[in-house]
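Novice:
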Amino acid sequence: MITGVTVKHYLFCPAIVRIEELGFRERVTEAMQEGSEVDKEKVVNFLFPMLKAKEIIKKPIYKYKDLVGSPDFVLKFSYHYSPLDVKNTDRVGMDHKAQVLYYAYLMEKSGLVVKEGMLYYTSGKFIRLPYTDNERRYIERLIVKIREAREGRIKVIQPVRKCVNCGFFQYCRPKRVGKFYEV
Ligand code: SF4
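Letter 56 of the sequence shown, counting from 1, is numbered 56 in my numbering, and no numbers are missing.
If you want it as C-alpha cells, here you go:
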C-alpha cells in the first residue's frame, strides 16, 4: 500500500520505501513527538474565515487501488474541493508539496473536482499549489518510481550528514563511500 507518508518518505530518501516494505518503522525522536502535538483544529479554525470554504472535513480517507491517503482537512467550496495539510515546521519542502498533491490525485480518483492543494505551516506560511494536468502526471510518475523503490530497484546515494540524522539509519545500514552512503 502507498500512503501520503510513503510519498513524503520517498522524496526524503527512496531507500525508506524499501525499508518500510520490509516492515521496519522510523525511530520516533522527541522533536517528532513535539511536532505531532500541534493543535491542527485551532489552526483550521483560524484559517476558515480567510479561505471562505463552505465546509471543512477532518481527516477523510481516500482510497484508489493500492493507494490510500488522509489529508488533515478537506475544504469544500461551491464547485471544487481542496486538501489542506498542516505542518509544524518552518521548512517548506518538496516532500510536503508532493504529499498534498498526492491527496489531490486520490480525491480526483474518488470523483471529486480538485483544483489546488494547500499547505499551512505553523510559522505562518500558507501555500496554495495548483493541481492541473502537469501535477496529475507528476504524481503518476512518482507512483511508478515509488513502486520501483519498494521493490529495491533503485540505487540510493546520500550525503553522510543526511544519513546520520535519518531515523531509518539503523535498519538501512548503508555502506560508506567517501562523503556518501550507498544502499
Ligand atoms: S540512512 Fe541514508 S540511505 Fe538509508 S534511508 Fe536514511 S537517508 Fe536513506
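Backbone N, C-alpha and C define an ideal beta-carbon position, used for all residues, glycine too.
Rounded to the nearest angstrom, what separates R136 and C163 at their Cα positions?
Specialist: The straight-line gap from Cα to Cα measures roughly 31 Å.
Novice: For P71, name the three-state secondary structure that DSSP assigns.
Specialist: Three-state result, P71: coil.
Novice: Distance, Cα to Cα, K54 vs L22?
Specialist: Taking the straight line joining both Cα atoms gives about 42 Å.
Novice: Answer yes or no: do V100 and L129 have a C-beta to C-beta separation smaller than 8 Å?
Specialist: Yes, they are a contact pair.
Novice: In whole angstroms, what is the alpha-carbon distance linking L75 and Y81?
Specialist: Straight-line Cα distance between these residues: approximately 6 Å.
Novice: Given a threshold of 16 other Cβ atoms within 10 Å of its Cβ, counted over all protein chains shown, does E41 qualify as buried or as exposed?
Specialist: Its Cβ having fewer than 16 others within 10 Å, E41 is exposed.
Novice: List, from N- to C-terminal side, the alpha helix (DSSP H) runs of 4 residues or more that fit wholly inside the segment 48-118.
Specialist: Entirely contained in the segment 48-118, the alpha helix (DSSP H) runs reaching 4 residues are, in chain order, 94-109.
Novice: By Cβ distance below 8 Å, which residues in the same chain neighbour V43 in space, the five residues on each side in sequence not counted?
Specialist: Counting only Cβ-Cβ distances below 8 Å, and skipping sequence neighbours, we find V86, Y120 and T122.
Novice: Please report the straight-line C-alpha distance between K65 and V7, rounded to a whole angstrom.
Specialist: Roughly 16 Å between the two C-alpha positions.
Novice: From A31 to T89, what does the alpha carbon distance come to, in whole angstroms?
Specialist: Note that A31 scores a pLDDT of 49, beneath 50, so its modelled location is shaky; the value from the coordinates is reported in the next line. If you take the alpha carbons of A31 and T89, they lie about 11 Å apart.
Novice: Excluding the 5 residues flanking S194 on each side, which residues of the same chain have their C-beta closer than 6 Å to its C-beta?
Specialist: No answer is possible for residue 194: it lies beyond the span of the chain, which begins at 1 and ends at 183.
Novice: Just verifying my parser: in three-state terms, what is the DSSP assignment at E34?
Specialist: Model confidence at E34 stands at a pLDDT of 47, short of 50, so the residue's coordinates are unreliable; what they give is reported in the following sentence. E34: helix per DSSP, three-state reduction.
Novice: Beta-carbon separation of Y187 and F12 under 8 Å?
Specialist: Residue 187 is absent from the model: the chain starts at 1 and stops at 183.
Novice: Applying the criterion that 16 or more other CB atoms from any shown protein chain within 10 Å of the CB defines a buried residue, is F73 buried or exposed?
Specialist: Buried: at least 16 other Cβ atoms inside 10 Å.
Novice: Excluding five sequence neighbours on each side, which residues of the same chain lie with their C-beta closer than 8 Å to the C-beta of L106?
Specialist: Result list for L106: Y62, K63, Y64, L67, V68 and G69, in chain order.
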